[in-house]
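Chains as they are written, first to last, in my numbering: chain A, 25 to 139; chain B, 100 to 212. Below is one structure; the comments refer to it alone.
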Amino acid sequence: NAGVMQNPRHLVRRRGQEARLRCSPMKGHSHVYWYRQLPEEGLKFMVYLQKENIIDESGMPKERFSAEFPKEGPSILRIQQVVRGDSAAYFCASSSQMNAQETQYFGPGTRLLVL
Amino acid sequence: EDKVVQSPLSLVVHEGDTVTLNCSYEVTNFRSLLWYKQEKKAPTFLFMLTSSGIEKKSGRLSSILDKKELFSILNITATQTGDSAIYLCAVPHGSSNTGKLIFGQGTTLQVKP
Chain A
25 NAGVMQNPRH
35 LVRRRGQEAR
45 LRCSPMKGHS
55 HVYWYRQLPE
65 EGLKFMVYLQ
75 KENIIDESGM
85 PKERFSAEFP
95 KEGPSILRIQ
105 QVVRGDSAAY
115 FCASSSQMNA
125 QETQYFGPGT
135 RLLVL
Chain B
100 EDKVVQSPLS
110 LVVHEGDTVT
120 LNCSYEVTNF
130 RSLLWYKQEK
140 KAPTFLFMLT
150 SSGIEKKSGR
160 LSSILDKKEL
170 FSILNITATQ
180 TGDSAIYLCA
190 VPHGSSNTGK
200 LIFGQGTTLQ
210 VKP
């Protein structure tokens, strides 16, 4: 049973370009969470999605960031017109249920570097 | 505002030592507390605690929760170099029912040979 998969593992972009980060949840999991880890900081929640629905995007920056979890395929976190401050590790987690008693399992992360 | 604070932020010990990592929290509608170990990649799940005073154990690692004093500790006995990692504590956001996690800053543990 494969764990949470993320790709790419490392991504380098120049300022102004777009970054697309992919996450495939664990088999049987339909709930996906995205977190961002800035250097020297803890993980910060960004967005929570179920299939075809954004449930909670309270941690997403208002501009340039978007997320989706289509019926088929992985969840995508998209960052448009990247800036240096977007450089961070982006982690995806999945769970099989929504409730807070359900453990979230994390992927290996995508490390984004903006030049 | 829900908050998780971990201490110490970093710790250096020698193999064989015992360490205690602390996590205090403030959250409305507490439901659970989770510990993760983060090495170079994915945070890996260690424990979920929901009840006060019941120790959870996995090998040399153990953890306990005190809901009255709003904290948890993670103990590692007979530390090994492979225990070197960032240890993260998290609680589900209190007023949201979506299960999103609020993380502490993490404790960076370095175990020297």
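Where a beta carbon is used, it is the ideal one built from N, C-alpha and C, also for glycine. Treat the numbers as computed from the prediction; the structure is a model and nothing was measured.
| Asked | Found |
| --- | --- |
| Given B/Leu200, which residues of its chain have a CB within under 8 Å of its CB, disregarding the five upstream and five downstream residues? | Leu133, Ala189, Val190, Pro191, His192 |
| Assign B/Pro142 to one of two classes, buried (16 or more other C-beta atoms within 10 Å of its C-beta) or exposed (fewer than that). | buried |
| A/Leu67: buried (16+ other C-beta within 10 angstroms of its C-beta) or exposed? | buried |
| Indicate the three-state DSSP secondary structure (helix, strand or coil) for B/Asp116 in the structure shown. | coil |
| Let me know the beta strand (DSSP E) ranges lying completely inside the stretch 30-72 of chain A, each 3 residues or longer, listed in chain order. | 34-37, 43-48, 55-61 |
| What separation, rounded to the nearest whole angstrom, lies between the Cα atoms of A/Arg141 and B/Lys167? | The structure shown has nothing for residue 141 of chain A, since chain A only spans 25 to 139. |
| With H, G and I counted as helix, E and B as strand and the rest as coil, what does DSSP make of B/Asp165? | strand |
| Give the interface partners of A/Ile79 over in chain B, defined as CB-CB distance under 7 Å, in chain order. | Thr197 |
| Counting only Cβ pairs nearer than 8 Å, list the residues of chain B close to A/Leu67. | Pro142, Leu187, Ala189, Leu200, Phe202 |
| For chain B, check one thing: does any of its Cβ atoms lie closer than 9 Å to the Cβ of A/Tyr59? | yes |
| Pop quiz: A/Ala113 and A/Gln128 are said to be a contact at Cβ under 8 Å. What is the actual Cβ separation, rounded to whole angstroms? | In fact, because the Cβ distance is near 16 Å, the residues do not count as touching under 8 Å. |
| Name the chain B residues whose beta carbon is nearer than 8 Å to that of A/Gly131? | Ala141 |
| Hey, how far is the Cα of B/Gln137 from the Cα of A/Lys95? | 31 Å |
| Less than 9 Å separating the beta-carbons of A/Cys47 and A/Met29? | yes |
| Rounded to whole angstroms, how far is the Cβ of B/Ile185 from the Cβ of B/Thr207, which I believe are closer than 8 Å? | 5 Å |
| So A/Ser119 contacts chain B; which residues on that side make the cut at Cβ distance below 8 Å? | Gly198 |
| Which residue or residues does DSSP assign as beta-bridge partners of B/Gln137? | B/Pro142, B/Ile185 |
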